[in-house]
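Structure, as structure tokens:
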Amino acid sequence: MDFKRITLFSGHYGSGKTNLAVNYAMLLRKEKENVAIADLDIVNPYFRTKDSEDELKGVGIRLISSEFANSNVDLPALPADAYTMIDDKSMYAVVDVGGDDRGALALGRYTDAIKAENNFEMLFVINKYRPLTRDVKSTIRVMEEIESACRIRFTGVVNNSNLGMETTVEDVLETVEYAEEISKIAEIPVKLTSVRRDISGEVQKKLENVWAIDIHFKREWSI
Amino acid sequence: MAEKVLMKGNEALAEAAIMAGCRHYLGYPITPQTEVAAYMAKRMPQIGGVFLQAESEIAAINMVIGVSAAGKRAMTSSSSPGVSLKSEGLSYLAGCDLPAFVVNVQRGGPGLGGIQPSQSDYFMATHAGGHGDFHMIVLAPASVQEMVSLTFKGFDLADKYRMTSMILADGTMGQMMEPVSLDMGEITHYDKPWAVTGTGGSREPNSIGRPHNIINSLLLQPEELERFNFERYARYKVVEENEVMYEEYMMEDADICLVAFGVTARVSKNAIKIAREQGIKVGLIRPITLWPFPKAVLRNAAEKVRAFVSVELSMGQMIEDVELATRCIRPVLLCNRTGGVIMTPEEVVAKIKEADEIGGSK
């Protein structure tokens, strides 16, 4: 895979950005030495990159996360050391951007530096099964809102359409047309179709660029 | 089978409210229920409804009183500290016999507490929602699908009995994502001859076939106030007889009975699987309505099991209702975490073993 120095995951609230960012960092770590994941999500107080802290650190991935993430302090604060991903040119950084335009606004702080270096991938995570991005038109609107909030254009689409643990192979294949239409209108390629690992083999038989992902947020109440 | 979508509990609840005919959302943001307000802010303008971020929780609940008095379905949502603020309005809603739909996505308390999930507003919801003699119908979802179905049900029950229905969820229910079907069927419409809908532009009291309606909770004559309270409690009795909802899980051969609602019912189910692999016969009774509480179901279970364990994210609140319902004829143990911490299935298993030991033989 052709890795850029900075890979940003952005998209609609709840589209699966955080889980994809964690999976991507794991993938990246297999090929690169200096890998970090930056949690810029200042919108969601509950499910965050920090949930996977032990797992990430275990494989030597640096976690750049707010002091307050997953704490009882409801502060929309950016991590103090987030600028490391800009300064340290030997680092491969994966950035988990907050959902929608509200979440992406925080990215604007780093936009000029990211653009100046021009070694980044900005991935638009889409999920057709989310109620407010059910059709191409509303998804494109979310995309444009994010782009104008953070002032960076997307360079690719990741089709992460899923129904959680209930996702079937057919559920994924049904969304191919949706992803391609978005790709056509936005004039950016569908870089990857992310699929839960246990059904990814089946999808791979029918689709190119399938990315097998693991679900990193199993909790005591998960059924 | 309707098409499914992947939704957060809070969003699913909001969409279900819209499907239930709610066109008036009056609220104020607070973690972990803010997605309800955020979702309504996006959706209400699309369907000609009203989204209003009030200046405070108290203002929001009083706006609900206004909308409901006019005969329309209205809702407000908040999390624990915000619901405390609403308690005055909840009492007035009861005093006025107005239907309303109120959501509490609980967080840790008391005071400002924390923002992680909790069930420590059980007492507030089921026993002391505000001053005076009254009850609310309290519904406890344990999945995103139930955030939808119980919202739909909640609006129906509110209109049917002219009461407040409260969804008592917790932060996990609000924040978790699961696939849901939004196909809830038809809305039942109830006549509201009491609604304040004007007198057709005339000042003559009987110009529209009835005198003008007044909605009021001030009854200064003791006998009159007492009469209203008796009438209200006769209605509550009907609710208790007809609207109890619960789920039984692996209770057929159970020696130990867990009692849990919401997120802890999910943890309990995971614990039951582990305990059963170790040979302990344990089941779960999950109250879906916390008021009316499934008293008879627990009383019957007490004849069959050796001990109960109340699994709660509080210092022990529902356990009192379990003890009352079972008349304490079996030991009732408490398995609890608080402050926003969720117990692990293993912690529940440890408590099941303790219950197994002290429960004795039947």
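These protein sequence lines are chains A and B, in that order. Residue numbers in the first sequence follow my numbering, run continuously in steps of one, and reach 223 at the last position. Residue numbers in the second sequence follow my numbering, run continuously in steps of one, and reach 1362 at the last position. Positions of the beta carbon are idealized from the N, C-alpha and C atoms, including for glycine. Just so you know, these numbers come straight off a predicted model, no measurement behind them.
For GLY98/A, the closest Cβ of chain B is not nearer than 8 Å. Residue state for PRO1110/B is assigned as coil, using DSSP reduced to three classes. Counting only runs of 3+ residues, the beta strand (DSSP E) found wholly inside the segment 1142-1225 of chain B occupies 1164-1170, 1177-1181, in chain order. Taking 8 Å as the CB threshold, ASN162/A lines the interface with chain B. Spatial neighbours of ALA1060/B in its own chain (CB-CB distance under 6 Å, excluding positions within 5 residues in sequence) are listed in chain order as LEU1026, GLY1027, TYR1028, ALA1054, THR1076. Using a Cβ-Cβ cut-off of 7 Å, GLU144/A is close to nothing in chain B; its nearest Cβ partner there is about 16 Å away. Shortest Cα-Cα distance from ALA104/A to any of MET122/A, VAL176/A, LYS50/A, SER10/A involves SER10/A. At least one CB atom of chain A sits nearer than 8 Å to the CB of LEU1006/B. Less than 8 Å divides the Cβ of ALA106/A from the Cβ of LEU40/A. In this chain, GLY1262/B is not harboured by any beta strand (DSSP E), its DSSP state being neither H nor E.
Taken in chain order, the members of the segment 7-22 of chain A whose beta-carbon sits within less than 7 Å of a beta-carbon on chain B are GLY14. Between GLY1359/B and ASN1336/B, the C-beta spacing is not below 8 Å.
Of the candidates GLU117/A, THR175/A, GLY164/A, TRP221/A, THR175/A places its Cα closest to the Cα of VAL136/A. Against chain B, the beta carbon of TYR129/A has neighbours under 8 Å at LYS1004, VAL1005, LEU1006, PRO1179, listed in chain order. For THR1172/B, the nearest beta carbon of chain A is closer than 8 Å to its own beta carbon. In the DSSP assignment, the residues bridged to TRP1291/B are VAL1138/B.
Remark: C-beta atoms of LEU123/A and LEU8/A approach each other more closely than 8 Å. According to the DSSP secondary-structure assignment, TRP211/A is paired through a beta bridge with SER194/A. For PRO1117/B against GLY1340/B, the beta-carbon gap comes to about 6 Å, under 8 Å, which counts as contact.
Sequence-distant partners of GLY108/A (beyond 5 residues in either direction) whose C-beta falls short of 8 Å from its own C-beta, in its chain, are ALA149, CYS150, ARG151. Per DSSP, ILE182/A is one residue of the alpha helix (DSSP H) stretching across 176-186.
The beta carbons of THR168/A and ARG196/A sit about 10 Å from each other, so the pair does not count as a contact at 8 Å.
Per DSSP, reduced to three states, the secondary structure at GLU55/A is helical.
Ranked by Cα distance from GLN1119/B, the first of LEU1218/B, SER1084/B, SER1314/B is SER1314/B.
Contiguous beta strand (DSSP E) elements confined to the segment 80-132 of chain A occur at 92-97, 120-126, taking only those with 3 or more residues. Put simply, the CB of ASN1270/B is near chain A, with a gap under 8 Å to one of its CB atoms. Taking C-alpha positions only, VAL158/A is separated from ILE1342/B by approximately 33 Å.
One Cα belongs to VAL1322/B, the other to MET1163/B, and the distance between them is close to 24 Å. Cβ contact annotation for VAL1196/B (same chain, cutoff 7 Å, sequence separation greater than five): ALA1069, ALA1070, ASN1213, ILE1215, in chain order. Contact between VAL1105/B and MET1173/B holds, since their C-beta atoms are separated by about 7 Å, short of 8 Å.
With respect to the C-alpha of TYR92/A, the residue from ASP101/A, ASP2/A, PHE154/A, SER161/A having the closest C-alpha is ASP2/A.
Annotation for ALA1060/B: no beta strand (DSSP E) segment contains it, though the alpha helix (DSSP H) segment containing it runs 1057-1069.
Per DSSP, reduced to three states, the secondary structure at ILE1047/B is helical. For ASN159/A, the enclosing beta strand (DSSP E) covers residues 156-159. The Cβ atoms of ALA1301/B and MET1251/B sit closer than 8 Å to each other.
What ILE1329/B touches in chain A, judged by beta-carbon distance under 8 Å, is nothing: the nearest beta carbon there is about 31 Å away.
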